[in-house]
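Novice: I'd like to ask you about the structure that follows.
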Amino acid sequence: MSEKLKEISIILDVWDDIFSDFDPRPLDERALSEDFITELKKRYRETAKGSLLISFSAPKALKDEKSEQMVVQRLKQYFKYRALQVGREIYNMRKKGVIFILVGVCFLSSITLMAYFSIISTLIIKILEILLVPLGWFGIWEGFSKIVNASPTFSQEETLFRKLSTAKYQFNYET
1 MSEKLKEISI ILDVWDDIFS DFDPRPLDER ALSEDFITEL KKRYRETAKG SLLISFSAPK
61 ALKDEKSEQM VVQRLKQYFK YRALQVGREI YNMRKKGVIF ILVGVCFLSS ITLMAYFSII
121 STLIIKILEI LLVPLGWFGI WEGFSKIVNA SPTFSQEETL FRKLSTAKYQ FNYET
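Position 119 of the sequence shown, counting from 1, maps to 119 under the working numbering, and the rest follow consecutively.
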């Protein structure tokens, strides 16, 4: 079963449409435009799932193979970097989830062991139960939540950036 190729068409007037107006560096070093990235995200969400073809329509005066290659390389690098960044954020969130679970289990285990072995007086155990049992259960459930959910928004963004980093880019010039 082959995956469908979904096209996102973008009209360019100048190469600067892809890059930030506020960045004075040359095109090959300039930051990507937030408006351009936002538009790509919006258009991606409008398309069905599948591989992407990003099609740029531009005036014939812009035709320059070197600039095309630089733009495609910069876009792929940027989106690959962003996918890795979001992937790290997901990993860190899940790591925090594991820590929450471990701390919760430690709280519950410690109060259980103190009560079982009568290490301290019953009154102190009851006071500690009031504090540690809710904290323990909170840690466990919050930890599982962080591991399982790992923010669906992050997961969707990671998928978007991975698809954009592997997308096919095409330039069409109008006369």
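Think of the CB as a built atom: it goes at the ideal place given N, C-alpha and C, for glycine as much as any other residue. In this text, all values refer to a predicted model and were calculated from it rather than measured experimentally.
Taking only runs that begin and end inside the segment 18-93, name each unbroken alpha helix (DSSP H) of 4 or more residues, in chain order.
Specialist: With a minimum length of 4 residues, the continuous alpha helix (DSSP H) runs that stay inside the segment 18-93 are 34-46.
Novice: State the DSSP-derived secondary structure class of Ile119, mapped to helix, strand or coil.
Specialist: Here residue 119 corresponds to residue number 119 of the sequence shown, with the count starting at 1. In the structure shown, Ile119 sits in coil (DSSP, three-state: anything other than H, G, I, E or B).
Novice: Taking 7 Å as the cut-off, decide whether the C-beta atoms of Phe22 and Ala83 are in contact.
Specialist: Residue mapping note: residue 22 aligns to position 22 of the sequence shown, counting from 1. Residue mapping note: residue 83 aligns to position 83 of the sequence shown, counting from 1. The answer is no: Cβ separation not under 7 Å.
Novice: Among Cys106, Leu32, Asn172, which has the Cα closest to the Cα of Tyr81?
Specialist: Here residue 81 refers to the residue found at position 81 when the sequence shown is read from its first residue. Of the candidates Cys106, Leu32, Asn172, the one whose C-alpha sits nearest the C-alpha of Tyr81 is Leu32.
Novice: DSSP three-state label for Ser145, please.
Specialist: The residue labelled residue 145 in the question sits at position 145 within the sequence shown. Of the three classes helix, strand and coil, the one that applies to Ser145 here is helix, per DSSP.
Novice: Relative to the C-alpha of Gln73, which candidate in Pro24, Asn172, Arg30 has its C-alpha closest?
Specialist: As a first step, residue 73 must be located in the sequence shown, where it is residue number 73. Of the listed residues, the one whose Cα sits closest to Gln73 is Arg30.
Novice: According to the neighbour-count rule (16 or more other Cβ atoms, all chains shown, within 10 Å of its Cβ), is Phe19 buried or exposed?
Specialist: Translated into positions along the sequence shown, residue 19 becomes position 19. By the 10 Å Cβ count, Phe19 comes out buried.
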